[in-house]
Each structure stands twice: as structure tokens, then as C-alpha cells.
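Colleague: Numbering (our numbering), first residue to last: 1 to 64.
Don't be surprised by glycine CBs; every beta carbon is placed ideally from N, CA and C.
Quick caveat, the model's predicted, so the values are computed rather than measured.
Submitted below is the structure of interest, expressed as C-alpha cells.
This is the structure:
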């Protein structure tokens with residue numbers, strides 16, 4: 001995983017589509033969905049860590 005697009009593709013594999021026309025809300029919702037998938041043990045720890053890092057980085061860049 002190298003980008004937010006890759007995170008979106010990961011979510012799409014589980015039938016999760018996130019698009020609210022608000023970039024910051026989308027990123028926060030993706031974080032919640034990734035966290036839920038990890039808590040249900042549907043994704044590996046490494047995928048969880050990389051996805052969260054990418055989303056937080058993008059969220060910080062969007063808020064500036």
C-alpha cells in the first residue's frame with residue numbers, strides 16, 4: 001500500500017465504499033472502517049498499520 005487510493009481499494013474488497021464529498025470526513029470514516037476491520041481480525045496488523053499511517057498523513061496534509 002502506497003497511497004490513500006490503495007486504502008480505498010482495500011476497503012472496497014470488503015464492500016466498503018466511502019465518499020461523502022468532504023475529503024476530511026472521508027479520511028476519518030476510512031480510519032474508522034479500517035479500525036473495525038482490524039478489530040474483527042479481517043485484516044493483518046501490517047495492513048492496519050500502513051493504512052492508518054497513510055490516512056493520518058493525508059488527514060494532516062488536508063487540514064493544513
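Considering only the beta carbon of each residue, do residue 10 and residue 62 sit closer than 9 Å?
Modeller: Translated into the one-based positions of the chain shown, residue 10 becomes position 10. Translated into the one-based positions of the chain shown, residue 62 becomes position 62. No.
Colleague: How long is the line joining the alpha carbons of residue 24 and residue 54, rounded to whole angstroms?
Modeller: To locate residue 24, count along the chain shown from 1; it is residue 24. To locate residue 54, count along the chain shown from 1; it is residue 54. Spanning the two alpha carbons is a distance of roughly 13 Å.
Colleague: Grouping DSSP H, G and I as helix and E and B as strand, with all else coil, what is residue 40?
Modeller: Translated into positions along the chain shown, residue 40 becomes position 40. Coil at residue 40, not helix or strand.
Colleague: In chain order, what residues of the same chain lie with their CB nearer than 6 Å to the CB of residue 38, ignoring the 5 residues before and after it?
Modeller: Locating residue 38 in the chain shown gives position 38, counting from the first residue. The residues are 48.
Colleague: Do residue 18 and residue 51 come within 9 Å of each other at the CB atom, strictly closer than that value?
Modeller: For the purposes of this step, residue 51 is identified with residue 51 of the chain shown, where counting begins at 1. For the purposes of this step, residue 18 is identified with residue 18 of the chain shown, where counting begins at 1. No, they are not a contact pair.
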